[in-house]
Structures are given as C-alpha cells and as structure tokens.
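Quick notes on the structure that follows.
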C-alpha cells in the first residue's frame, strides 16, 4: 500500500507566476484535501475534492484552483503568485467520502517559496 | 478567527515523565477531534482521535481527554520518550463537515 506522495518537494517562483502542485492519494482513498501551512501556523484548509468535484473550500481566493482525476490523484494550481503564498502545501487523502469524519493521511508537502 | 487554539508554543519534559499537551476550541458544533505529530521535513502523522460521544480514548502511551463543557482537549503521553520530540497539532471538525481546523501546534522536546 503506497502512501500519499507529493511533487515537487521544493520549488521557487517569482511574484505573478503560476504553479502546479501534484498529489497521488493513498491507495483506495477517494477524497483529497489540500491545506496550506504558513511558517509557525497550523494547516489551513484550501479545498477538498471528492469524485472529481470540489466539495468545499476554505477562505482562499479563486486564483487557488484544483482538479481531481479518475484515479483520485489531484492537482493544486495557484495563479498570480503573491509573496504571502510562500508556505508548505499539504495534500491529504482519506476514505471519508467527502466528509471530514475520518483521519487524514498527509503527504510530505511541497515547500513553495515566492520571491 | 482561530477556532482551535494551542496556547503553549513549546513544552519540555524529562524522558520517562508525562507530557500533557492542551488544546481549546470555540465552535460547539465540533464533534470529532484528532491529534497529529509532525517531524521537520515530513507531513503530519495521525496519532489518535476522539469523538464527542466519548471523553477518553487510549492507544498505548497516548491518551486523549475531551471536556466538552469546557471545549478543551488534552493529549497525555506516558512515559515520554526522546523520539516523541516533534510538533503536535490538534484538529477539529464537524462529523458532517468537510474540513479540519488545526491549532498552531505545540513543539514538544523530550530531554534524555
């Protein structure tokens, strides 16, 4: 059973650029959530995908968007990058079927630095 | 507005003693709670959970206590080991919700 894998692990972008982060969910998990963890903070919910549809969004602007594919893998896209977007982006998969009521399995994260 | 709060940024404990990590929440609709441990350069790892129908859940050295009236939960680690040194996050959700709300974490150092 493979765990949650994310790529890339580290990347550096400049303001205004766009970035795509990728996540492969744990085998059999049908729900993927993305979280942003800024330095010294706890993870903040960006959105969740279930059955290839967005199933809830946190307090993030529309320039944060995502996709889920039929194999349950997922992408997070961020357009028009800002300095405050510098953070660790965590992908988490679960068997919750769109609900939060189940443990999340996290990947190691993608560390984004915006200069 | 931070709905889940961990007011102690750091905690140091001697090896073999008890570690107690605390967490408070404000939303009375939360009914499912998790604790995660995070090492540097790794993603958070699930430790233990508790639902609001219980006030205690144990798993080996780890015990979580829930006081719904006080909107408070705590994680007890007994005995503490140097490998327990990490950042601990508590998280809360509504059972029918789709997101977890995390605290800001407590950095635990277990001194050999």
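Protein chains in written order, with the numbering used here: chain A, 2 to 116; chain B, 1144 to 1255.
Every residue, glycine too, gets a C-beta built ideally from N, C-alpha and C.
Since the structure is predicted, the reported quantities are computational estimates derived from the model, not experimental observations.
Please list the partners that residue i has in chain A, where partner means a Cβ-to-Cβ separation under 8 Å.
{"i": "residue 1192(B)", "result": "104"}
Could you tell me whether any Cβ in chain E is nearer than 9 Å to the Cβ of residue i?
{"i": "residue 1248(B)", "result": "Structure shown: chain E not included; protein chains present are A and B."}
State buried or exposed for residue i, treating a residue as buried only when at least 16 other CB atoms are found within 10 Å of its CB.
{"i": "residue 43(A)", "result": "buried"}
{"i": "residue 104(A)", "result": "buried"}
{"i": "residue 1196(B)", "result": "exposed"}
{"i": "residue 1212(B)", "result": "exposed"}
{"i": "residue 1164(B)", "result": "buried"}
{"i": "residue 86(A)", "result": "buried"}
{"i": "residue 11(A)", "result": "exposed"}
{"i": "residue 84(A)", "result": "exposed"}
{"i": "residue 1210(B)", "result": "exposed"}
Chain B partners of residue i, CB-CB under 9 Å?
{"i": "residue 107(A)", "result": "1179, 1181, 1185, 1186, 1187, 1188 and 1189"}
{"i": "residue 29(A)", "result": "Within chain B, no residue comes near residue 29(A); the closest Cβ sits about 16 Å away, beyond 9 Å."}
Under the three-state reduction of DSSP, which class applies to residue i: helix, strand or coil?
{"i": "residue 116(A)", "result": "coil"}
{"i": "residue 17(A)", "result": "coil"}
{"i": "residue 59(A)", "result": "coil"}
{"i": "residue 67(A)", "result": "strand"}
{"i": "residue 84(A)", "result": "helix"}
{"i": "residue 1198(B)", "result": "coil"}
Going along chain A in order, which residues have a C-beta closer than 9 Å to the C-beta of residue i?
{"i": "residue 1245(B)", "result": "36, 38, 42, 43, 44, 45 and 46"}
{"i": "residue 1232(B)", "result": "43 and 44"}
Taking C-beta to C-beta, are residue i and residue j nearer than 9 Å?
{"i": "residue 1220(B)", "j": "residue 1204(B)", "result": "yes"}
{"i": "residue 1(A)", "j": "residue 22(A)", "result": "Residue 1(A) is absent from the model: chain A starts at 2 and stops at 116."}
{"i": "residue 32(A)", "j": "residue 95(A)", "result": "yes"}
{"i": "residue 1156(B)", "j": "residue 1251(B)", "result": "yes"}
{"i": "residue 1181(B)", "j": "residue 1231(B)", "result": "yes"}
{"i": "residue 1246(B)", "j": "residue 110(A)", "result": "no"}
{"i": "residue 114(A)", "j": "residue 13(A)", "result": "yes"}
{"i": "residue 106(A)", "j": "residue 1243(B)", "result": "no"}
{"i": "residue 82(A)", "j": "residue 37(A)", "result": "no"}
For a contact meaning CB atoms closer than 8 Å, what does residue i contact in chain B?
{"i": "residue 91(A)", "result": "1186 and 1187"}
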